[in-house]
Amino acid sequence: MDILVTGALKLTNEEMKILESIAGNVTFLQDERFETDIDVSIYEAVICNSLFVNNDIDKFSSLKYIQLTSAGTDRVPMEKVVRKGISLQTARGVYSIPMAEWAMCKALDHVKQTSFFEENQKNKKWEKSRTLTELNEKNVCIVGFGSIGAECGKRFSAFGCKVTAVDVFPVESPYVSKYLNVSQLEEALKDADVVILTLPLTSETKGLFNKEALSILKEGSLLINMARGGLIDEEAFIDVLKEGKIYAALDVFETEPLSESSPLWTFSNVSVSPHNSFVSDGNDKRLKNLIFENLKTYMERRTDYKGTCIHGTHGE
């Protein structure tokens, strides 16, 4: 089989040999961010991240299998993938642990006011805060309860939080106190102390958190977005944040990098990070194990294999 692997997957020489032993003829394309001039019509399989942002999938006339290095599918022309019957696998589960830990970190930063103490340390100022709160008994709403959401639920429930899962599919989890459908989002948001977004960006979820939804958030609540910036109407969100009634920990944005002129940089009630929540020393091993196992399964069942096409509002 001919397989194209992009620089989205970093392989050692030994790992490249393992891949060749599984799949056959491997071509390596270092930079997938530009249109390639190689003949892509020969490749039955592709391992990539954003290859199809600047490369027409129609030119991949032999393509039957895509393995993404990302958990989301928003950089893939899903309508064409489904129509052509191409099997798709994502990196679902690979980044769940570090992202759940990131959400916990931001929630603890919020209730324990770490920025207050860091600022005082810079100024050599000895001052207590008498307004610290705790996560215990707080209402945590996780919108999109896939593998990332489940890991978040596991950690927040361990801190004594009451976890509400919002998803298009029913959720059964020992870490969830209540399940609500996405159509019941308003009910889920109104009592939430912490709202965590872990759902994919699709045509159905784009702008899900519009002015109406954002206005429901109660005063003092924290919204954590580490999924995709397009889930939130950024202009409406800026207006809400200006009021200073809610807080936000934002790791993703509609346009990245975030413009230096964006007011989000300057709000005291906003924590900004550069799409960093997924990074971890454990990702590389998980990702490669997943990719190799998925490829083995595909090679064993090539004639009738159908992978997973993930779309809709289910969590990543």
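The sequence shown begins at 0 in numbering that gives the first Met the number 0 and counts up one residue at a time.
A virtual CB, placed ideally from N, CA and C, is assigned to each residue, including glycine.
None of the values given here were measured: they were computed from a predicted structure.
Could you give the DSSP three-state label for Lys210: helix, strand or coil?
Position 211 of the sequence shown, counted from the start, is the residue given in the question as residue 210. Helix.
Out of Glu315, Glu292, Lys287 and Asp232, which has the shortest C-alpha to C-alpha gap to Glu14?
The residue you call residue 14 lines up with position 15 of the sequence shown. Among Glu315, Glu292, Lys287 and Asp232, the Cα nearest to that of Glu14 is on Lys287.
Taking the alpha-carbon positions, what's the Ser156 to Glu136 distance?
If you number the sequence shown from 1, residue 156 lands on position 157. If you number the sequence shown from 1, residue 136 lands on position 137. So the alpha carbons of these two residues sit roughly 9 Å apart.
Grab the span of the beta strand (DSSP E) containing Phe27 for me, first residue to last.
Translated into the one-based positions of the sequence shown, residue 27 becomes position 28. Per DSSP, Phe27 belongs to the beta strand (DSSP E) from Asn24 to Leu28.
How many Å lie between Arg300 and Val52 at the Cα?
The residue labelled residue 300 in the question sits at position 301 within the sequence shown. The residue labelled residue 52 in the question sits at position 53 within the sequence shown. Roughly 29 Å separates the two Cα atoms.
So, Phe236 versus Leu257, is the Cβ gap smaller than 7 Å?
As a first step, residue 236 is located in the sequence shown; it is residue number 237 there, counting from the start. As a first step, residue 257 is located in the sequence shown; it is residue number 258 there, counting from the start. Contact: no.
What's the gap between the Cα of Gly92 and the Cα of Glu126?
As a position in the sequence shown, residue 92 is number 93, starting the count at 1. As a position in the sequence shown, residue 126 is number 127, starting the count at 1. In a straight line, the C-alpha of Gly92 is about 42 Å away from that of Glu126.
Return the first residue and the last residue of the beta strand (DSSP E) that Ala248 is part of.
Taking the first residue of the sequence shown as position 1, residue 248 is located at position 249. Looking at the DSSP string, the run of the beta strand (DSSP E) that includes Ala248 is Tyr246 to Leu249.
Hey, Cys104 and Leu134: beta-carbon distance below 7 Å or not?
Numbered from its first residue, the sequence shown carries residue 104 at position 105. Numbered from its first residue, the sequence shown carries residue 134 at position 135. No, the Cβ-Cβ distance between Cys104 and Leu134 is not below 7 Å.
Please report the distance separating the alpha-carbon of Leu200 from that of Thr72.
Taking the first residue of the sequence shown as 1, we reach residue 200 at position 201. Taking the first residue of the sequence shown as 1, we reach residue 72 at position 73. Rounded to the nearest angstrom, the two C-alpha atoms are 8 Å apart.
For Gly23, collect the residues of the same chain with a Cβ closer than 6 Å to its Cβ; drop the 5 residues on either side in sequence, then sort them by chain order.
Counted from its first residue, the sequence shown places residue 23 at position 24. So the qualifying residues of the chain are Met0.
If you run the structure through DSSP and keep just helix, strand and coil, what is Ala106?
Walking along the sequence shown from the start, residue 106 turns up at place 107. If DSSP states are grouped into helix, strand and coil, Ala106 belongs with the helices.
Where Glu233 and Ile215 are concerned, what is the direct C-alpha to C-alpha distance, given to the nearest angstrom?
Translated into the one-based positions of the sequence shown, residue 233 becomes position 234. Translated into the one-based positions of the sequence shown, residue 215 becomes position 216. Each residue's Cα considered, the two are about 16 Å apart.
Alpha carbon to alpha carbon, how far is Thr302 from Arg227? Give it in angstroms, no decimals.
Sequence index remark: in the sequence shown, residue 227 carries index 228 (1-based). Sequence index remark: in the sequence shown, residue 302 carries index 303 (1-based). One C-alpha to the other measures close to 35 Å.
What runs of the alpha helix (DSSP H), each 4 residues or longer, lie entirely inside the stretch 54 to 123?
Whole alpha helix (DSSP H) segments, 4+ residues: 77 to 83, 95 to 111 and 113 to 121.
Going by Cα to Cα distance, which pick from Gln120, Glu31, Ile46 and Ala164 is closest to Ile290?
As a working mapping, residue 290 is identified with position 291 in the sequence shown. Comparing Cα positions, the closest option is Ile46.
Measure the Cβ-Cβ separation of Val170 and Phe208 and say whether it is below 7 Å.
Along the sequence shown, read from residue 1 onward, the residue named residue 170 stands at position 171. Along the sequence shown, read from residue 1 onward, the residue named residue 208 stands at position 209. No, the Cβ-Cβ distance between Val170 and Phe208 is not below 7 Å.
Threshold first: 3 residues or longer. Then list the beta strand (DSSP E) segments lying entirely within the stretch 111 to 183, N to C.
Segments of the beta strand (DSSP E) lying fully in the stretch 111 to 183: 138 to 142, 161 to 166 and 177 to 180.
Alpha helix (DSSP H) containing Asn293: first to last residue?
Along the sequence shown, read from residue 1 onward, the residue named residue 293 stands at position 294. Unbroken alpha helix (DSSP H) run through Asn293: Asn282 to Glu299.
Use the C-beta contact count for His229: other C-beta atoms within 10 angstroms, 16 or more gives buried, fewer gives exposed.
In the sequence shown, residue 229 corresponds to position 230, counting from 1. According to the sequence displayed, residue 229 carries Gly and not His. The residue is buried, with at least 16 neighbouring Cβ atoms inside 10 Å.
Roughly how many whole angstroms lie between the Cα atoms of Leu294 and Ile65?
Reading the sequence shown from its first residue, position 295 is the one you call residue 294. Reading the sequence shown from its first residue, position 66 is the one you call residue 65. Whole-angstrom Cα-Cα distance: 10 Å.
Are Val175 and Ala187 touching if we call contact CB-CB under 7 Å?
Numbered from its first residue, the sequence shown carries residue 175 at position 176. Numbered from its first residue, the sequence shown carries residue 187 at position 188. Against a cut-off of 7 Å, the Cβ pair of Ala187 and Val175 comes out as no contact.
Examine the Cβ distances between the stretch 115 to 122 and the stretch 263 to 277 and report whether three or more of them are shorter than 8 Å.
These segments do not touch.
Per DSSP, what kind of secondary structure is Gly311 in: helix, strand or coil?
Taking the first residue of the sequence shown as position 1, residue 311 is located at position 312. Only weak support is given to the placement of Gly311: the predicted model assigns it a pLDDT of 43, under 50, and the value that follows is read from those uncertain coordinates. Gly311 falls in the coil class under three-state DSSP.
Please classify Leu198 as buried or exposed, where buried requires at least 16 neighbouring CB atoms within 10 angstroms.
Position 199 of the sequence shown, counting from 1, holds the residue named residue 198. Buried, since its Cβ has 16 or more Cβ neighbours within 10 Å.
Cα separation between Leu221 and Asp108?
Residue 221 sits at position 222 when you count from the first residue of the sequence shown. Residue 108 sits at position 109 when you count from the first residue of the sequence shown. The alpha-carbon atoms of Leu221 and Asp108 are separated by roughly 11 Å.
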